[in-house]
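Enquirer:
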Amino acid sequence: MNKLTHGRVKRIHAEFRGDDAVELDILEATLRLGDVVRTRIEADTVLTRLAYKALYRSIEEYCHKTGQRYPTYRTLLGYLEGAPIESEPDAVRVVSIAKEAGR
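Residue numbers (this note's numbering): 15 to 117.
Following this line, the structure appears as structure tokens:
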């Protein structure tokens, strides 16, 4: 695994319990992370990088389908869970109706 030793560092901490923890173990085994990394921290790092790339791809796909540039967390979560994509409401049109004189 390539390690960068310079630049900004961002640490992500997540704790999974129960079924979520089991699902993560299954994912790690399915992806054969043991063939790629040696430590638990490296496994967490490569899994997070993979998830990050998948998230970016999902955001790009959502934006392409909807035309919305920056989806919110809840909007994207709904999309990933299979909720129907709602179109953005049309811009409000202001119509001026001139009063007829003499009526």
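Even glycine gets a Cβ: it sits at the ideal position worked out from N, Cα and C.
Going by the beta-carbon positions, is the gap between Glu45 and Ser72 smaller than 8 Å?
Expert: Mapped onto the sequence shown, residue 45 falls at position 31. Mapped onto the sequence shown, residue 72 falls at position 58. Note that residue 45 corresponds to Leu in the displayed sequence, not to Glu. No, these two residues do not count as a Cβ contact at 8 Å.
Enquirer: Quick check on the DSSP output: the alpha helix (DSSP H) that includes Ala57 runs from which residue to which?
Expert: Numbered from 1 along the sequence shown, position 43 holds the residue referred to as residue 57. Residues 54 to 80.
Enquirer: Please check the pair Glu42 and Ala57, which I expect to be a contact at CB under 8 Å, by giving their CB distance rounded to whole angstroms.
Expert: The sequence position of residue 42 within the sequence shown is 28, counting from 1. The sequence position of residue 57 within the sequence shown is 43, counting from 1. With 8 Å as the limit, Glu42 and Ala57 qualify as a contact, their Cβ atoms being about 6 Å apart.
Enquirer: Rounded to the nearest angstrom, how far is the Cβ of Thr62 from that of Ile26, given a contact under 8 Å?
Expert: For the purposes of this step, residue 62 is identified with residue 48 of the sequence shown, where counting begins at 1. For the purposes of this step, residue 26 is identified with residue 12 of the sequence shown, where counting begins at 1. Indeed, because the Cβ distance is near 6 Å, the residues count as touching under 8 Å.
Enquirer: Alpha carbon to alpha carbon, what distance is there between Gln82 and Glu75?
Expert: On the sequence shown, position 61 is the one that residue 75 refers to. On the sequence shown, position 68 is the one that residue 82 refers to. Whole-angstrom Cα-Cα distance: 11 Å.
Enquirer: Taking the alpha-carbon positions, what's the Tyr70 to Gly32 distance?
Expert: To locate residue 70, count along the sequence shown from 1; it is residue 56. To locate residue 32, count along the sequence shown from 1; it is residue 18. Each residue's Cα considered, the two are about 27 Å apart.
Enquirer: Can you list, in chain order, the residues of its chain whose CB lies under 6 Å from that of Glu102, leaving out five sequence neighbours each side?
Expert: On the sequence shown, position 88 is the one that residue 102 refers to. Confidence at Glu102 is low in this model, with a pLDDT of 49, below 50, so the placement of that residue should be treated as unreliable; the coordinate-derived value is given next. So the list is empty, once near-sequence residues are dropped.
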